[in-house]
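*Asks:*
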Amino acid sequence: FSKIANVAFRDTKSKRCIINYEKNNSTKDLDMYPSPLLSGEYDYLIPEGKEHKYQVIIETNRGCPFLCTYCYWGRGGNTTKYRFHSLERVFAEIEWIASKKIQYILNADSNFGMHRRDIKIAEKLVETKLKTGYPDKFRTTWGKNTSEQIFKIAEMLHTHDLEKGITLARQSNSEEALKNVKRDNIKLEAYSDLERKFNYLQIPVYAEMIMGLPGETYKSWIDGLGSLLDSNINNQIFIYQAQVYPNTELNETSYRKKYKIKTKKIELQETHCSPKEQEWLNEYEEIIVETSTMTVDDWKKRNLFSVALMVLHSFKVGFYVINYLSNEMKIPGKDFIKFICDKANRSKHPFIYTNIIKRIEDWSNNMLKGGGRPILNTKYSDVYLDIETVIFLEISEKYKLFYNELKDLVKNLIGRDRWEENFEIINEIFMYQNLRMPKINDSNTKLTLKYNIAEYLFYLGSNKKVKLKKCENSIQSVNTKSYGTNYWEFTKKKIIWARKSDKIKNEIDYDNRILAKTKKMEKDKFDEADHLGTEEDKIKMFDKLHKFNKYDSLEIKRR
3 FSKIANVAFR DTKSKRCIIN YEKNNSTKDL DMYPSPLLSG EYDYLIPEGK EHKYQVIIET
63 NRGCPFLCTY CYWGRGGNTT KYRFHSLERV FAEIEWIASK KIQYILNADS NFGMHRRDIK
123 IAEKLVETKL KTGYPDKFRT TWGKNTSEQI FKIAEMLHTH DLEKGITLAR QSNSEEALKN
183 VKRDNIKLEA YSDLERKFNY LQIPVYAEMI MGLPGETYKS WIDGLGSLLD SNINNQIFIY
243 QAQVYPNTEL NETSYRKKYK IKTKKIELQE THCSPKEQEW LNEYEEIIVE TSTMTVDDWK
303 KRNLFSVALM VLHSFKVGFY VINYLSNEMK IPGKDFIKFI CDKANRSKHP FIYTNIIKRI
363 EDWSNNMLKG GGRPILNTKY SDVYLDIETV IFLEISEKYK LFYNELKDLV KNLIGRDRWE
423 ENFEIINEIF MYQNLRMPKI NDSNTKLTLK YNIAEYLFYL GSNKKVKLKK CENSIQSVNT
483 KSYGTNYWEF TKKKIIWARK SDKIKNEIDY DNRILAKTKK MEKDKFDEAD HLGTEEDKIK
543 MFDKLHKFNK YDSLEIKRR
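Each residue of the sequence shown is one higher than the one before, starting from 3 at the first, in this note's numbering.
#1: On a CA-only basis, which of ILE241, ARG119, LEU314, ASN424 is nearest ILE506? Give me that one, please.
#2: Under 6 Å Cβ to Cβ from GLU390, same chain only, skipping five residues before and after it: list those, please.
#3: By DSSP's criteria, MET211 is part of a beta bridge. Which residues make up the other side?
#4: Just how far apart, CA to CA, sit SER276 and ARG418?
#5: Touching or not, the segment 507–520 and the segment 387–401, by the rule of three or more beta carbon pairs under 8 Å?
#6: Going by the beta-carbon positions, is the gap between VAL246 and GLU288 smaller than 7 Å?
#7: Taking only three categories from DSSP, how would you classify SER398?
#8: Could you check where the beta strand (DSSP E) with LYS452 kicks off and where it finishes?
#9: Using the three-state DSSP reduction, which class does ARG141 fall into: helix, strand or coil?
#10: Looking at the strands, I want to know which residues DSSP matches up with ILE59.
#11: Is PHE240 buried or exposed, if buried means 16 or more other CB atoms sit within 10 Å of its CB?
#12: What are the uninterrupted segments assigned as alpha helix (DSSP H) that are 4 or more residues long and contained completely in the segment 372–398, given in chain order?
#13: When burial is assigned at 16 or more other CB atoms within 10 Å of the CB, is TRP282 buried or exposed?
#14: Quick one: Cα of LYS267 to Cα of SER479, how far?
#15: Between ARG12 and ASN26, what straight-line distance do the alpha-carbon atoms span, to the nearest angstrom?
#16: Relative to the C-alpha of TYR56, which candidate in ASN63, ILE107, ARG91 has its C-alpha closest?
#17: Taking one C-beta from the segment 341–355 and one from the segment 422–434 each time, how about it: are there three or more such pairs within less than 8 Å?
#18: Using C-beta distances below 6 Å, list every residue in its chain close to HIS548, excluding the 5 sequence neighbours before and after it, in chain order.
#19: THR450 to TRP490, Cα distance in whole Å?
#20: Taking 7 Å as the cut-off, decide whether the C-beta atoms of HIS586 and VAL128 are in contact.
#21: Helix, strand or coil for VAL291, going by three-state DSSP, please let me know.
#22: At the level of alpha carbons, what is the spacing between ASN414 and PHE86?
#23: For THR161, which of helix, strand or coil comes out of DSSP?
#24: Which class does ALA10 belong to by DSSP, given the choice of helix, strand or coil?
#25: Which residue wins for smallest C-alpha separation from THR169, given the options MET158, THR143, ILE155?
#26: On the DSSP letters alone, give me the boundaries of the beta strand (DSSP E) that CYS19 sits inside.
#27: So what does DSSP say about MET296, is it helix, strand or coil?
#28: Are the CB atoms of HIS351 and GLU407 within a distance shorter than 7 Å?
#29: If we ignore side chains and look at the alpha-carbon of each, how far apart do PHE317 and LEU132 end up?
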């Protein structure tokens, strides 16, 4: 080991720890490291003619220009400088993956889409999928600032069903917290611009937030989440505990002292993974439970608000109610969620209190005792699930009870006068809300309404404004599936696989008719563009339509 740069080892003779402080000679040419895929390292795992299901991790470059204090890349030095694998190698790996019929690629790049060449990689993925059917999905960490190129690449991948959803990793909406974690150079306007574009094309978007960053107050936290709710764009909001990793600035003693950071070491139980077979192997993660702007009690309050938000908004069980109250009653989404957290009580709302309020409180207390974040409930799954997933599954067994209690809370929130004045509409909003919720034994269900609820909610958040009006109509859930008593299958396919792609809620015939009509209009415009004289005219038409730009699929290129 003595000749290997930057390595510490125990000498066998002296029994002393020896550290070689010599720096690694970093090279920009990553191809000096052989590809385990192309070298045949994994071929023995994939025998010909046998059924297998694998996922694979690739990377096209290494490095990250940002200095986020909670991330190892943020240490600076050589990590801020990008190094690249050649496109020839990347393309060869994609072809190898397709030849082995591997469905899922996780791309380990820090900021995919920020480099000019990334669009060529996306085109290669599309070309390979069109030719072979593989890979099915390409999961990546998107760049933080370069909006136009990322939009084009994400649009292309979405068009060919390669991406389940587009990540907008905000982490926080607090300027103070972003400054403290050295993320203030990533402009929130870039996210907002991307959100509007993706929303226009109905491309699923999800925001990721980190709870417990230094400088974040309870008010700034719920205000930040509230701004995401009120944007009516994100189909998902993921909220993670702030974790402290080795070799990050967040882990330094001086940094911890500066922001009065206190942590709790909890059991590492990995979400969507089965329990480890090696019972003797104990692993832990370190989460932040206190800072100069967050007490432990404050941390518990944030947990309650955050998990309740993910259940009601991201799992959709209150999604349409939230949007109606925000749009018609001018009640912000955060106020609705906070009201439920504060006012649901054991006597009047026993189901909501027990399954949301008390459940989250017990979950927080369990972590403070060293317990892990995810939950293993073998009724619902053979893998660990996030707490919001478990709560949603419990609600899915008793929607009627849940919505009766939620109605009572809405009545208390808006007051008796507004409740009585709008009762007929509110009741139909709840009927529609229940129709869109997945059930383990689902069947196509028809609903007759007195108001244009489906039309109103379809266009809410778009440029087209539709008013609620009396208009007797029928809507029906479609393409539903019954899973019998198989909760494991229901949880995996309808919940875990569907969350990021916004496919948790049931489809309805009204939405499908409008989308089919929109696609026909786009196709007609595309056909019109196809008859234009010059290639330049065609590209202008593609750009105008947004859906068809010069970086789009090979099918358009061929035409």
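Even glycine gets a Cβ: it sits at the ideal position worked out from N, Cα and C.
*Replies:* Per the coordinate set shown:
#1: LEU314
#2: VAL309, MET312, VAL313
#3: GLN173, ILE241
#4: 49 Å
#5: no
#6: yes
#7: helix
#8: 448–453
#9: strand
#10: LEU108
#11: buried
#12: 389–398
#13: exposed
#14: 46 Å
#15: 20 Å
#16: ILE107
#17: no
#18: Annotation note: pLDDT 43 at HIS548 (below 50); position unreliable, coordinate value reported separately. Nothing meets the Cβ criterion.
#19: 33 Å
#20: For the chain, the structure presents residues 3 to 561; residue 586 sits outside this window and is missing.
#21: strand
#22: 58 Å
#23: helix
#24: strand
#25: THR143
#26: 19–21
#27: strand
#28: yes
#29: 32 Å
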